[in-house]
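There are 2 protein chains.
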Amino acid sequence: MVRARRDAGRRLSAHPLLDELRAALPAGGAVLDSATSTERYRHDQAAWAEAGVPLAVVRPSTPEQVRDVVVSCRRHGVPVVPRGAGSGLAGGANAVDGGVVVSTERLLGIAVDPVERLAVVGPGVLNADLRATAAEHGLWYAPDPASAAISSIGGNVATNAGGLCCVKYGVTRDHVLAVQLVTGAGDLVRLGRRTAKGVAGLDLLGAVVGSEGTLGVVTEVTVRLRPARPPERTVAGFFGSLVDAGEAVAAVARAGVVPSALELMDSHCLRAVDAWKRTGLADEADTVLLARLDAPGDAGEAEAATVEACFAAAGATWAGRSSDEAEAEALFDARRLVWPAVDRLGPLLTEDVCVPVGVLPRMLERVQAVAREHRLTIATLAHVGDGNLHPLVVVPRERDGEARAAAAFEQIMDDALVLGGTITGEHGVGRLKREGLVRELDATVLDLQRRVKAAFDPDGIMNPGVMWR
Amino acid sequence: MVRARRDAGRRLSAHPLLDELRAALPAGGAVLDSATSTERYRHDQAAWAEAGVPLAVVRPSTPEQVRDVVVSCRRHGVPVVPRGAGSGLAGGANAVDGGVVVSTERLLGIAVDPVERLAVVGPGVLNADLRATAAEHGLWYAPDPASAAISSIGGNVATNAGGLCCVKYGVTRDHVLAVQLVTGAGDLVRLGRRTAKGVAGLDLLGAVVGSEGTLGVVTEVTVRLRPARPPERTVAGFFGSLVDAGEAVAAVARAGVVPSALELMDSHCLRAVDAWKRTGLADEADTVLLARLDAPGDAGEAEAATVEACFAAAGATWAGRSSDEAEAEALFDARRLVWPAVDRLGPLLTEDVCVPVGVLPRMLERVQAVAREHRLTIATLAHVGDGNLHPLVVVPRERDGEARAAAAFEQIMDDALVLGGTITGEHGVGRLKREGLVRELDATVLDLQRRVKAAFDPDGIMNPGVMWR
């Protein structure tokens, strides 16, 4: 199909749907259909996830235009792929051959209501822009995926994005009050509410958040905001082994402290950063833990002292805390360097398993065993406070490198399942983990999910091939 | 139907389903079918909601027994009504004629996992018992409906129960990690997860929480626990008018303080308490606000001082705060007395509308106007921090009393909708607010909800007549 269309040049542009799309949308690049112009809409950031060649990419400016597009696609039986900023890591926004990619990049606008502490946001708005606008009102949008600067709110809703502070504040779903969406049936509907509470009718909002574009196209998001926080304190700990670091995490939990972030970097992460930036970190530690605490006033100080004591008692070779915000940020710099540092070693397959926090040390050991078994470098970053690991599988530039990396990727999912975990904590199933999903969920539950999908999308035009085969 | 069965005495007991139920369940009162023994399972606490006479009440002891019951009922086309502790206020657990009430009272057990900070709980466990057990582990189950001592976790899940502290900590849905349930199709499934995060597949858990028994029977609930809190501080304010109290609430919000409870009692509440307990409250205030603050350490002290200052600045005739926990509890005693005090005035219709907090003063005025128009006493208690009002409509003991109270009940819902609110903040639609639901939601959304219900319950046997007509 890919090849056929390319060979045919612009001939397939005669698809009658294209005329309808052009009629439904304003002039000025709202319909893209040349191979050149659609190329950058074919992929998200997932290595290897299949990506087709779309019939067209559309960039509507209003919810009604999105509805008209979906209605037309449904009439023609053409698949619809919703797309945010394309920063996904599971192929959930990848084009399908002959389908229409609906980019939400022109659905912008942020309306903050400081009295109700909410914002009504276009799905194309970047997470960081929402956070910045909220801050102007003394408010805070909590979900902070590492991709905040480049990922859109619509994409965050599609994947139910997590982040660093969700160990204390919850994930995207916990901050979405309402969505407006165009269902696969072509209906423009509102789900959720603007009030702080509300139980009128079945809650379908939760099913939309994290649905990876399989139910409809989200055209507006109402999010809950919180009052701005006091500055965070940071505590860092250097450990001689993963086991010691795991013990430190357990000690923090036992002490009843809930950090606003708790991150782990293993020795492979540290070595990659050293190799790039000569920080010398790997000489000082095998494993690093970074905690943030945001309790106000003396309670924050007490929390920081408790965490530092927990780190020390678990055998940290060094533990210390920031005295100000600049110093705290500096401690987190190494964490920010990990992904680009490891990315220098070769193409990456980014894992995203999540396990009960009590078995996290065992899961970290399993990842190391998988790396040995398949002769791979796997550097693990973890949101350790929630048991969410991101083993970064470096794909060797060798003949069987891809096969070994793929085998490791699958094995890590299986190990997480054995330990009572899930194949994906925050990145989604997309096109990369459909096999894993079948291993995680009962056939009965998968059937139930497919029936609920059909309630939204009776003809199955929404993002086919994502989540379920 | 009611009458037919009574006339027929035990003859209808020959229904073949009864034999199947007796075969599926253990001896010892697991199947009740006499009019006497089923009587106390016919109603919840909602005045006037219709209630039928069930064919039988069953009290299974295991999830598998629940499944067998539902499978049998489905085969015979007999309606199933799930029932928790019967403390609901919307008729959601009321029996239907010829149906089977499935009581979860024997599905007990609380297993706390302190490392993962979660508990696996039988739906029949009372909220207060879960809270007490969690406390033994230094943990806290946040959702605190006023009915905590008498309502079950299964019922809390069915209605997505709120409470006092949800202004800061969220409602039941925010604390449920997973459920096991028997769907209307007769499948025993698990939805959700045990891990802190997880996005594998469509999230159907959110649809189950708050579904009022229309999708299935919940047989196990996994809830999130938090570390125990520091003691709360309480600030009370007496105001000369609702307007001043409303201004005080807005001032607290503007100050960026999120109280762990913020409650309002209007003059009718105060007079009812006075008439019963001679507290003299109504002489001192027209409206009382009670705030709780649970920030730790000096931050909690600062929050309490800020709230007290906000109350004073808004014109409080008196404002003061507790110096210890016993004093704080004493300040909340009056609130606890409101419901029984107003209940002495006559039968009550308990409203539950929720509006944006910014229009709460206007909503309070509308309630007073409705009371005047229909010559009724309506005493309003409000979880004012979330905009959730409980106007208690006292039904006059007069010929047209019920009609006037019912008209007021409907009018309050309409007024809430006009102000951008919802007909139910935390009690549910049940059998009392089905007409209101149609006024609140688009027909398209209601259709979508019905299709999702059908995905769980293809034959429509689950709690017919609840939520949708």
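Protein chains in written order, with the working numbering: chain A, -17 to 451; chain B, -17 to 451.
Cβ atoms here follow ideal geometry from the backbone N, Cα and C, with glycine treated the same way.
Remember, predicted model here, so these are calculated numbers, not experimental data.
Residues of the stretch 178 to 193 of chain A whose Cβ lies closer than 8 Å to any Cβ of chain B, in chain order: For the stretch 178 to 193 of chain A, the set of positions with a beta-carbon nearer than 8 Å to some beta-carbon of chain B reads Ala178, Lys179, Gly180, Val181, Ala182, Gly183, Leu184, Asp185, Leu186, Leu187, Gly188, Ala189, Val191, Gly192 and Ser193 in chain order.
Buried or exposed (CB count within 10 angstroms, at least 16 for buried), B/Glu285: Looking at its Cβ environment, which holds 16 or more other Cβ atoms inside 10 Å, B/Glu285 is buried.
CB contact flag (A/Gly455, A/Asp26, <7 Å): Lying outside -17 to 451, the shown extent of chain A, residue 455 of chain A is not represented and no answer is given.
C-alpha gap between A/His250 and A/Gly152, whole angstroms: One C-alpha to the other measures close to 28 Å.
Exposure label - A/Asp265; buried when at least 16 CB within 10 Å: So A/Asp265 counts as exposed.
Proximity below 7 Å, CB of A/Gly279 to CB of B/Asp280: Result yes, Cβ atoms of A/Gly279 and B/Asp280 sit closer than 7 Å.
A/Glu245, enclosing alpha helix (DSSP H) - first and last residue: First-last for A/Glu245: Ala243 to Met247, but that is the beta strand (DSSP E), not the alpha helix (DSSP H).
Interface partners of B/Asp439 on chain A, CB under 7 Å: Near B/Asp439 there are no residues of chain A at all, since even the closest Cβ is about 11 Å away, more than 7 Å.
Beta-carbon neighbours of A/Gly452, restricted to chain B and to distances below 7 Å: Residue 452 of chain A lies beyond the residue range present for chain A, which begins at -17 and ends at 451; the question has no answer from this structure.
Chain A within 7 Å of B/Asn370, Cβ atoms only: For B/Asn370, a Cβ of chain A is located within less than 7 Å of the residue's own Cβ.
Outcome for A/Asp368 when other beta-carbon atoms lying within 10 angstroms are tallied against a minimum of 16: Label assigned to A/Asp368: buried.
Candidates B/Val376, B/Asp306 and B/Gly282, of which the one nearest B/Pro322 by Cα: If we check each option's Cα against that of B/Pro322, B/Val376 comes out closest.
Exposure label - A/Arg(-12); buried when at least 16 CB within 10 Å: Low per-residue confidence applies at A/Arg(-12): pLDDT is 43, beneath 50, and the placement is therefore not dependable, though the value from the model is reported in the following sentence. Flag for A/Arg(-12) reads exposed.
B/Asp439, enclosing beta strand (DSSP E) - first and last residue: It is not in any beta strand (DSSP E) - B/Asp439 carries neither H nor E in the DSSP assignment.
Contacts that B/Asp169 makes with chain A (C-beta to C-beta distance below 7 Å): Those within 7 Å of B/Asp169 in chain A are Thr426.
Three-way DSSP call (helix, strand, coil) for A/Cys147 in this model: DSSP, read as helix, strand or coil, puts A/Cys147 in coil.
Contact set between B/Ile405 and chain A, taken where Cβ atoms lie within less than 7 Å: Residues of chain A passing the Cβ test: Ala182.
Rounded C-alpha distance that separates B/Thr20 from B/Leu159: Whole-angstrom Cα-Cα distance: 33 Å.
Below-7 Å beta-carbon distance, B/Val97 vs any chain A residue: Yes, B/Val97 lies at the interface with chain A (some Cβ there is under 7 Å from its Cβ).
Interface residues of chain B facing A/Asp156 [CB-CB closer than 9 Å]: In chain order: Gly152 and Asp156.
Best match in B/Val199, B/Gly80, B/Ala116 and B/Gly70 for proximity to B/Asp50 [C-alpha to C-alpha]: Taking the Cα of B/Asp50 as reference, the smallest distance to any Cα among B/Val199, B/Gly80, B/Ala116 and B/Gly70 is reached at B/Val199.
Inter-stretch contact (C-beta, 8 Å, three-pair minimum) for the stretch 415 to 429 of chain A and the stretch 168 to 180 of chain A: The stretch 415 to 429 of chain A vs the stretch 168 to 180 of chain A: no contact.
Closest residue to B/Gly59 among B/Pro45, B/Gly73, B/Ala227 and B/Gly81 (Cα-Cα distance): Just measuring C-alpha positions, the residue of B/Pro45, B/Gly73, B/Ala227 and B/Gly81 sitting nearest B/Gly59 is B/Gly81.
Pairwise C-alpha distance: A/Ala210 and A/Ala29: The alpha-carbon atoms of A/Ala29 and A/Ala210 are separated by roughly 37 Å.
Under 9 Å (Cβ pairs) to chain B, residues found in the stretch 276 to 289 of chain A: Answer set for the stretch 276 to 289 of chain A: Ala277, Pro278, Gly279, Asp280, Ala281, Gly282, Glu283, Ala284 and Glu285.
Short CB-CB distance (under 7 Å) between B/Leu423 and chain A: It does; some Cβ of chain A falls within 7 Å.
A/Ser134 - DSSP class collapsed to helix/strand/coil: DSSP places A/Ser134 in strand when its eight states are reduced to three.
Within chain B, the residues that A/Asn76 reaches when beta carbons sit closer than 7 Å: Correct list: empty, because the minimum Cβ distance to chain B is about 17 Å.
Per-residue burial, B/Pro212 [other beta carbons within 10 Å of its own, 16 or more giving buried]: With fewer than 16 other Cβ atoms inside 10 Å of its own Cβ, B/Pro212 counts as exposed.
Contact the stretch 407 to 416 of chain B vs the stretch 129 to 142 of chain B: 3+ CB pairs below 8 Å: Yes, since at least three Cβ pairs between the stretch 407 to 416 of chain B and the stretch 129 to 142 of chain B fall closer than 8 Å, the two stretches touch.
C-alpha gap between B/His157 and A/Lys179, whole angstroms: Computed Cα separation, rounded: 14 Å.
Simplified DSSP assignment, three categories, for A/Val83: In the three-state reduction of the DSSP assignment, A/Val83 falls in the strand class, which pools E and B.
Interface partners of B/Pro453 on chain A, CB under 7 Å: Since the displayed chain B opens at -17 and closes at 451, residue 453 of chain B lies outside it and no answer follows.
Residues of the stretch 112 to 142 of chain A with Cβ closer than 7 Å to any Cβ of chain B, in chain order: Taking 7 Å as the Cβ-Cβ cut-off against chain B, the residues of the stretch 112 to 142 of chain A that qualify are Gly120, Thr141 and Asn142.
CB contact below 7 Å: B/Pro213 versus chain A: Residue contact check for B/Pro213 against chain A: no CB pair falls below 7 Å.
Contacts around A/Arg451, its chain only, beta-carbon distance under 6 Å, and the 5 residues preceding and following it disregarded: Excluding five sequence positions before and after A/Arg451, the CB atoms of its chain that fall closer than 6 Å to its own CB belong to Arg416, given in chain order.
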